[in-house]
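The sequence shown begins at 765 in the numbering used here and counts up one residue at a time. Heads up, the beta-carbon is just placed ideally off N, CA and C, and yes, glycines get one too. Since the structure is predicted, the reported quantities are computational estimates derived from the model, not experimental observations.
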Amino acid sequence: MAHDHGQIKNEQVNIRFDERGLVPAVVQDSTTGQVLMVAWMNAEALQRTRETGQAHFWSRSRQELWHKGATSGNVMHVREIWVDCDADTLLLRVDPAGPACHTGEQSCFFRRLDSLSPKIGAAGEGTEGGSALDTLFATILDRQANPRPGSYTAQLLDTGEDEILKKVGEEAMEIILAAKGQGDERLISEVADLFYHLLVLLAARGLTLADVGAELARRRR
765 MAHDHGQIKN EQVNIRFDER GLVPAVVQDS TTGQVLMVAW MNAEALQRTR ETGQAHFWSR
825 SRQELWHKGA TSGNVMHVRE IWVDCDADTL LLRVDPAGPA CHTGEQSCFF RRLDSLSPKI
885 GAAGEGTEGG SALDTLFATI LDRQANPRPG SYTAQLLDTG EDEILKKVGE EAMEIILAAK
945 GQGDERLISE VADLFYHLLV LLAARGLTLA DVGAELARRR R
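Pasting the structure below:
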């Protein structure tokens with residue numbers, strides 16, 4: 765294996781490969797924001813990825829270039845490649861053609877470790893909402909691409925943006941009423957309804973949760 769150790773200049777960014785000529789690459793679904801897998805790239809894999817628009821990695825076990833999905837058909841169409849602040853980790857935002865994991869799971873990260881401490885457990889509880897939103901949004905996108913008879917989501921998307929906006933307004937008012945005169949359970953239910961209709965609106969506009977996440981991240985700066 766021939767390595768280009770050290771750095772490679774890539775659009776004014778010097779990618780810092782390790783002593784083996786490798787750099788870790790985090791792969792993220794460009795639509796849902798879900799982390800799909802983590803792999804390794806060398807200079808050749810990065811170059812092939814940029815040339816073909818499909819993810820290529822370096823297999824450390826087989827010691828060879830690996831075109832993700834070449835055998836299974838589950839290729840990853842790369843939309844963007846990002847580099848972290850230290851230039852030693854890459855982020856690939858992709859449109860996956862199928863499951864990322866060899867087990868058939870959508871993501872390689874489908875097993876959750878048990879809580880190791882009360883603090884970690886408390887932090888873990890806060891992540892469920894994000895995961896639920898990712899799953900819900902993926903379902904909405906599926907109904908948009910593959911409408912099913914009797915699907916409320918498909919029907920709502922078919923009615924057009926004005927009707928969706930009307931539903932968003934109605935649900936926002938329901939939240940106010942629930943917060944003023946009803947219990948927490950009712951409030952949570954109404955917030956869930958609003959989240960759902962907001963996600964339908966995003967889908968109708970061709971936007972994603974990742975777009976919203978990027979804006980929230982920008983506001984933290």
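{"Asked": "Leu901, buried or exposed, once every other Cβ within 10 Å from all chains shown has been counted against 16", "Found": "Looking at the sequence provided, one finds Phe at residue 901 rather than Leu. Answer is buried; the Cβ neighbour count reaches 16."}
{"Asked": "For Ser794 and Arg857, believed in contact at Cβ under 8 Å, the rounded distance", "Found": "4 Å"}
{"Asked": "Where the beta strand (DSSP E) through Glu844 begins and ends", "Found": "840–847"}
{"Asked": "For Lys930 and Ala968, the rounded distance between their alpha carbons", "Found": "14 Å"}
{"Asked": "Counterpart residues of Ala789 in DSSP-defined beta bridges", "Found": "Ala803, Leu854"}
{"Asked": "Beta-carbon gap between Phe874 and Val799 smaller than 8 Å", "Found": "no"}
{"Asked": "Touching by the beta-carbon criterion (3+ pairs, under 8 Å), the region 942–950 and the region 965–981", "Found": "no"}
{"Asked": "Continuous beta strand (DSSP E) stretch holding Glu828: start and end", "Found": "828–831"}
{"Asked": "Ala819 vs Val791 beta-carbon contact at 8 Å", "Found": "yes"}
{"Asked": "Test item: CB-CB of Met805 and Leu854 under 8 Å", "Found": "yes"}
{"Asked": "Straight-line gap, Ala809 to Ala803 (C-alpha atoms, nearest Å)", "Found": "11 Å"}
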